[in-house]
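Engineer: Take this structure first; my questions come after.
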Amino acid sequence: MLFKKLALATGVGALLGVCFADSLPAVETSDSEIRLVSCSTDECCDDCVDSCVDDCVDGCCSIDVFEDCEKPFLPELEPITFENCVWKGEAGMAIRYRYLHEMNRLRPGGPGLSSYDQWRWTPHASVTWNDTVTGYVEAIDASTFGEELPILPIDENRADLLQYYVDVKLMELENGEVHGRYGRQTLLYGDQHVMSPLSWANTFRNFEGFKTYYKGDKWDIDAFAVQPVNGAARGTVFKTESFDTPDQSEWVNGVYATYRGLDQGTMDIYWIWDVENEPDLTRQDGNRHTFGARYYGKKEVKDCCDTVERTWGYDVQGAFQVGEDDFQSGGPDLDVFAGFFNATVSHTWNKVDMKPTVFALYYLGSGDEDPTDGRDSTYFSLYPLGHAYWGILDNLGGQNMVDYSIGSKIAPTEKLSLLAQWHWFDKHRTQDYVYNIAGAPLGPRSTDAGGTEDSHIGNELDLIATYVVNKNLTLQGGYSWFWYGGAVTNTALNRDDARQFYFLANYQF
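In terms of the working numbering, the sequence shown opens at residue 3 and continues consecutively.
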């Protein structure tokens, strides 16, 4: 709003009460009172809508001193920093509280009812020498209280190190820089369909190992070889009160590249090689290569005055997997041929009140049609942020699943946004399992005793409200309903419909 711009500007004209055509000056008199001076344009009066401004005089907002005008609810904090000619550093923290009330999810230890509270504190610090060598450390203390059902590996990690690494600038090129990094770190690539820090979880997801990356004008290219560390990264022993160590049986290697030199849109291409040397019936194992690509961007529609009136958004992504799977644990290796496809389109009305957006999503993660043919066609969804795509109730992973989804989003104020989304979930192949958010197979299949040919898993409705108090504090609440279909209700998985409510407050600087 114009008022906020006035309150942040300074100038001599504020003391003289002069209206300027090309500037928006103001003088701050104290923490609790601000004296305003406005512009000489006709639009000025249209912007005098803040409760701190009385009226307009000769095309300018009137000048008064207002007690507690625009005084923030909480002080806005910046990270603690220092800098000299050789060294610079930064320190900050984030603290999150979350309350959840859930029932009848497809989760370990369920079905059942569980209400619980979670706290997560993550202080961090970094120091850089000569813009060349950076050391970074981030601690975590994540706790869960009051639960009725057993806590999950993503729920708790007490007094541990989330990240610690050394980052070195290896060389400067004409159009970018090459860095090398070693240590414990999180990985985030693309839209987080394949690699995500899983910030929704109470513990994050982290890895330990090597990463080399190039950042340039048109290309960003990362190459990494890392091992999963905590329970959110899959495959490790669930240790809530001892120092986490990497899973020595698994390596995650890959290259992820982003190209921004196209006339329209942006392209990602990637290869991820996951190797798990310990057979396990509850998750993917063996040796899988994932080759994928993503194309995304937006198209602006302008009016006769060259103002953006509407915006189309588009995002298309797909990948295929090949390799060998030891899923049968002691049986013959299975040849892997699987994949996924995702497409999203959105439309925003930029000049309409509340800037409404509507969007539609289609996702397919392949399933296995014949468990006896020596081939595994179930897509392993790697390390995604499933919470952002397959329903906020976190019932399903991206394996053997088709998701048809529509939704809308509005912004009643600059700080408040409201989102509603509907999902229709089906099995891709009835002969395969239903897979929960952790990737665990839940039977039976249609070919098993007690199985069903019904492919419909269920429907989910999500409602989310997000309020940004200031740049440090964000509040969010959500409610979800999941109505189970025949793929669940006609089998031993049968349960009453699921519901979940959550509220969280995140404060960081």
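Glycine included, each C-beta is placed from N, C-alpha and C at the ideal position.
(1) Let me know if PHE84 comes out buried or exposed under the rule of 16 or more other beta-carbons within 10 Å of its beta-carbon.
(2) With a threshold of 16 other CB atoms inside 10 Å of the CB of LYS301, please say whether the residue is buried or exposed.
(3) For ASP335, which residues of its own chain have a beta-carbon under 8 Å away from its beta-carbon, when the five flanking residues on both sides are left out?
(4) Secondary structure at HIS389, three-state DSSP: helix, strand or coil?
(5) Nearest to VAL88 by CA position, among THR380, THR124, THR130, ASN106, is which residue?
(6) Could you tell me if the beta carbon of ARG109 falls within a distance shorter than 8 Å of some heavy atom in the ligand ZN?
(7) Can you look up ALA440 in the DSSP assignment and give me helix, strand or coil?
(8) My understanding is that TYR381 touches GLY341, with C-beta atoms under 8 Å, so please give their C-beta distance in whole angstroms.
(9) How would you call SER419, buried or exposed, if buried means at least 16 neighbouring beta carbons within 10 angstroms?
(10) Please say whether LEU172 and HIS181 have beta carbons closer to each other than 9 Å?
(11) What do you reckon, are the CB atoms on ARG520 and LYS220 nearer than 9 Å?
(12) DSSP puts ASN508 in a beta bridge; with which residues?
(13) Could you tell me the alpha carbon to alpha carbon distance between GLN478 and GLU174, rounded to whole angstroms?
(14) Which same chain residues end up closer than 6 Å to HIS103 when comparing Cβ atoms and leaving out the 5 residues on each side of it in sequence?
(15) Can you have a look at VAL59 and say buried or exposed, based on whether 16 or more other CB atoms are within 10 angstroms of its CB?
(16) Could you compute how far the alpha carbon of SER407 sits from the alpha carbon of ASP428?
(17) Starting from GLY341 and walking both ways along the beta strand (DSSP E), at which residues does that stretch end?
(18) Please classify ASN279 as buried or exposed, where buried requires at least 16 neighbouring CB atoms within 10 angstroms.
(19) Let me confirm a value: ASP305 is counted as buried when at least 16 other C-beta atoms fall within 10 Å, else exposed. Which label applies?
(20) Relative to the C-alpha of SER379, which residue among ALA413, ILE97, TRP392, MET403 is closest?
(21) From the DSSP secondary-structure annotation, give me the bridge partner or partners of PHE209.
(22) Measuring CA to CA, which of LEU421, GLY256, LEU398 is closest to ASN461?
(23) Rounded to a whole number of angstroms, what is the C-alpha to C-alpha distance between ARG109 and ASP308?
(24) Under a three-way DSSP split, which group does ILE491 fall into?
(25) Could you tell me which residues DSSP pairs with GLY325 in its beta bridges?
(26) Classify LYS353 as buried or exposed, calling it buried when 16 or more other Cβ atoms lie within 10 Å of its own Cβ.
(27) Considering only residues of the same chain and omitting the five flanking positions on each side of THR242, which have a CB-CB separation below 7 Å?
(28) What does DSSP give as the partner residues of LYS411 in its beta bridges?
(29) Tell me where the beta strand (DSSP E) around LYS171 begins and ends.
(30) Pair every Cβ in the region 466-473 with every Cβ in the region 441-449, then say whether three or more of these pairs are closer than 8 Å.
(31) Could you compute how far the alpha carbon of TYR167 sits from the alpha carbon of TYR138?
(32) Between GLY267 and the rest of its own chain, which residues show a CB-CB distance below 7 Å, the 5 nearest in sequence each way excluded?
(33) Can you tell me whether ALA144 is helix, strand or coil according to DSSP?
(34) Looking at the secondary structure, which residues open and close the beta strand (DSSP E) in which TYR261 lies?
(35) Can you give me the start and stop residues for the beta strand (DSSP E) that PHE382 sits inside?
(36) Thinking ILE142 and LEU164 are a contact (beta carbons under 8 Å), I'd like their distance in whole angstroms, please.
Structural biologist: A quick look at the data gives this:
(1) exposed
(2) exposed
(3) GLY288, GLU326, ASP327, ASP328
(4) helix
(5) THR130
(6) As for the ligand ZN, it is missing from this structure, which has no ligand bound.
(7) coil
(8) 6 Å
(9) buried
(10) yes
(11) Look at the range of the chain in this structure, 3 to 511, and you will see that residue 520 is not part of it.
(12) ARG98, THR476
(13) 42 Å
(14) SER117, PHE503
(15) Since pLDDT at VAL59 reaches only 46, below the 50 mark, its modelled position is unreliable, and no value is offered.
(16) 12 Å
(17) 336-351
(18) exposed
(19) exposed
(20) MET403
(21) GLN187, PRO230
(22) LEU398
(23) 51 Å
(24) With the sequence shown as reference, residue 491 is identified as Thr, and Ile is not the correct amino acid for it. It is helical.
(25) ARG290, VAL338
(26) exposed
(27) GLU158, ASN159, ARG160
(28) THR359, LEU421
(29) 159-175
(30) no
(31) 6 Å
(32) TYR297, TYR298, GLY299
(33) strand
(34) 252-261
(35) Unbroken run through PHE382: none, as it is neither H nor E.
(36) 4 Å
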